[in-house]
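Visitor: For the sequence shown, our numbering begins at 662 and goes up steadily by one. Note that the Cβ used here is the ideal one computed from N, Cα and C, for glycine as well. Nothing here was measured: the structure is a model prediction, and the numbers come from that model.
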Amino acid sequence: MSAPRWDLILVGGGLANGLIAWRLRQQQPGLCVLLLESDAEPGGNHTWSFHQRDLLPGQHRWIAPLVAHRWAGYDVRFPALNRTLAGEYISVTSERFASVLSQALGDSLWSGTRVASLTPETVTLEDGQTLNAAAVIDGRGYRPSPHLITGCQAFLGQQWSLSQPHGLTRPILMDATVDQSAGYRFVYTLPLSDRQLLIEDTHYIDRATLDVDLARQQIRQYADRHGWLLDRLEREEQGNLPIALSGDARAFWRAQAGQPGSGLRVGLFHATTGYSLPQAVALADLIAAAPDLNAAALFRLIQDYALAQWRHQRFFRLLNRMLFLAGPPQGRWQVMQRFYQLNHGLIARFYAGQLTLQDRVRILAGKPPVPVGEALRAALKFSPRLRAFHDE
Ligand SMILES: Cc1cc2nc3c(=O)[nH]c(=O)nc-3n(C[C@H](O)[C@H](O)[C@H](O)COP(=O)(O)OP(=O)(O)OC[C@H]3O[C@@H](n4cnc5c(N)ncnc54)[C@H](O)[C@@H]3O)c2cc1C
662 MSAPRWDLIL VGGGLANGLI AWRLRQQQPG LCVLLLESDA EPGGNHTWSF
712 HQRDLLPGQH RWIAPLVAHR WAGYDVRFPA LNRTLAGEYI SVTSERFASV
762 LSQALGDSLW SGTRVASLTP ETVTLEDGQT LNAAAVIDGR GYRPSPHLIT
812 GCQAFLGQQW SLSQPHGLTR PILMDATVDQ SAGYRFVYTL PLSDRQLLIE
862 DTHYIDRATL DVDLARQQIR QYADRHGWLL DRLEREEQGN LPIALSGDAR
912 AFWRAQAGQP GSGLRVGLFH ATTGYSLPQA VALADLIAAA PDLNAAALFR
962 LIQDYALAQW RHQRFFRLLN RMLFLAGPPQ GRWQVMQRFY QLNHGLIARF
1012 YAGQLTLQDR VRILAGKPPV PVGEALRAAL KFSPRLRAFH DE
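(1) Within the chosen definition, does the region 875-893 reach the region 909-918 through at least 3 CB pairs nearer than 8 angstroms?
(2) Between which residues of its own chain and Ala-701 is the CB-CB distance below 7 angstroms, once the five residues before and five after are set aside?
(3) Per DSSP, what kind of secondary structure is Val-839 in: helix, strand or coil?
(4) With distance defined between alpha-carbon atoms, name the residue in Ile-724, Ser-710 and Glu-698 nearest to Ser-752.
(5) If Gly-935 and Gly-802 are in contact, beta carbons under 8 angstroms, what's the gap, nearest whole angstrom?
(6) Should the region 725-740 be called in touch with the region 828-836, which here means at least 3 C-beta pairs below 8 angstroms?
(7) Is Arg-757 closer than 9 angstroms to Trp-723 when the C-beta atoms are compared?
(8) Is Glu-1054 close to ligand 1? I mean its beta-carbon at under 8 angstroms from any heavy atom of the ligand.
(9) How is His-1005 classed by DSSP in three states: helix, strand or coil?
(10) Can you tell me whether DSSP reads Trp-723 as helix, strand or coil?
(11) What does the alpha-carbon distance come out to for the pair Leu-716 and Leu-938?
(12) Classify Ser-760 as helix, strand or coil using the three-state DSSP reduction.
(13) Shortest alpha-carbon distance to Leu-792 belongs to which of Ser-824, Gly-844 and Leu-697?
(14) Who are Trp-904's beta bridge partners in DSSP?
(15) By the DSSP assignment, the alpha helix (DSSP H) with Pro-939 in it spans what residues?
(16) Within 8 angstroms: the Cβ of Phe-816 and any heavy atom of ligand 1?
(17) Mind checking whether the beta-carbon of Asp-788 lies closer than 8 angstroms to any heavy atom of ligand 1?
(18) So what's His-864 in DSSP terms, helix, strand or just coil?
(19) DSSP three-state call for Leu-766: helix, strand or coil?
(20) Return the CA-CA distance between Leu-692 and Arg-686, expressed in angstroms with no decimal places.
(21) Once you ignore the five residues that flank Leu-851 on each side, which residues in its own chain have a CB closer than 6 angstroms to its CB?
(22) Quick check: the Cα distance between Leu-1003 and Ala-1026, rounded to an integer number of angstroms?
(23) To the nearest angstrom, how far is it from the Cα of Thr-780 to the Cα of Gln-920?
(24) Could you check whether Pro-703 and Leu-762 sit closer than 9 angstroms to each other, using their CB atoms as the reference points?
(25) Measure the alpha-carbon distance for Leu-823 versus Asn-955 and round it to whole angstroms.
(26) Taking 8 angstroms as the cut-off, does the CB of Tyr-865 come closer than this to any heavy atom belonging to ligand 1?
(27) Considering only their Cβ atoms, is the gap separating Ala-932 from Arg-886 smaller than 9 angstroms?
(28) Reducing DSSP to helix, strand and coil, say where His-730 ends up.
(29) At 4 residues or longer, what runs of the alpha helix (DSSP H) sit wholly inside the region 667-721?
(30) Give a yes or no on whether the C-beta atoms belonging to Leu-891 and Arg-982 are separated by under 9 angstroms.
(31) Would you give the residue range spanned by the alpha helix (DSSP H) that Phe-1000 belongs to?
(32) With DSSP collapsed to three states, give me the class of Gly-748.
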């Protein structure tokens, strides 16, 4: 058999694979890497945000060219809590991502190329052409697995230009002073410029059943309530992000059958927020520093990283079960209101997935609005697909 033409083929030019391709271009420019994306541009249609604490200083440096917006702090609003939290909040836009990546990768990016099937060392395109590589990474986005039980964070976001300045200087990450009758719901607002807002209507629900027309209506009502004069709809984005409740990570990885993967495809997301940017950045660093990028070595590297992340996030899955499964849906906002009353350092460590033992005790201490025992019983009830409940 002839030698593979590429050292690495990345299937899916989304967040995770795009970052891997870009980081490899910086750290190992001699490698022959190919990024395949079915859409006309890499990066889809998103605004990816994260907190300053989510990344290490070195990671902030290399990701800086992708950053389109930064704010010095953010607000949260609940029926009995209005709080401003310090700490930078940062957004990467798909537009910036596509432009930086296309420029850096040149001919190594094939957009408008749909992959029909893949193996750890081959890719078959929809036109029947087969490509060979020393390794192939599958980064085609989330795919449900029988080994992972999830809830859903469903949202619709609209980016509007306004006919007058809105006066907002910081993002409102959670405004839960809105109707709560169908589960935990909040509105998320980013002031992109003085006359531009991204407003997202977000629901934590059991299944992805967001009523898009209702969400559009609710965004309009929310803007009216704040006196924001919506003028022109610039873009719309929609998400159904998985929220991890429990699962069997070893079985999940056995089912991957040696296929290296990245991003949501292999469960690399924050269990409670569904956000994946920090883990995608960390994985890109890990791969770019790896001495050996053959398929077997890459699979082991990614699997070990993902299993460590899974163990690390066990407590977040417990919290999710409390949020999703215990107590009446219309009372779930109380869990979040109580959480946002805790100290700022703890909240930052929560988003970064770096809670200490003390933080965990603090979150569960006192009289939580949803009892832990009930949450655990609810988790048992929710696991008919697993023979016996376990979260390993
Ligand atoms: C609207 C929205 C907003 C989000 N906001 C945030 C946020 O603020 N912060 C955060 O951290 N996370 C956010 N997330 C969650 C998560 O980080 C993103 O979903 C992220 O894009 C996942 O990265 P990924 O690389 O796994 O998948 P994706 O970025 O979805 O990439 C998958 C890529 O594979 C391509 N593809 C699929 N099939 C094929 C095929 N057969 N052949 C070729 N290409 C294919 C797709 O076109 C896509 O470009 C958001 C998600 C959504 C949907």
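Guide: So, from the data block:
(1) no
(2) Ser-772 and Gly-773
(3) coil
(4) Ser-710
(5) No, Gly-935 and Gly-802 are not in contact; Cβ-Cβ is about 12 angstroms, not under 8 angstroms.
(6) yes
(7) no
(8) Because residue 1054 is not part of the residues shown, which for the chain are 662 to 1053, the question remains open.
(9) helix
(10) helix
(11) 9 angstroms
(12) helix
(13) Leu-697
(14) Reading off the sequence, residue 904 comes out as Ile, not Trp. Bridge partners of Ile-904: Gly-812.
(15) 938-949
(16) yes
(17) no
(18) strand
(19) helix
(20) 8 angstroms
(21) Pro-832 and Leu-859
(22) 11 angstroms
(23) 7 angstroms
(24) yes
(25) 51 angstroms
(26) no
(27) no
(28) strand
(29) 676-688
(30) no
(31) 994-1000
(32) strand
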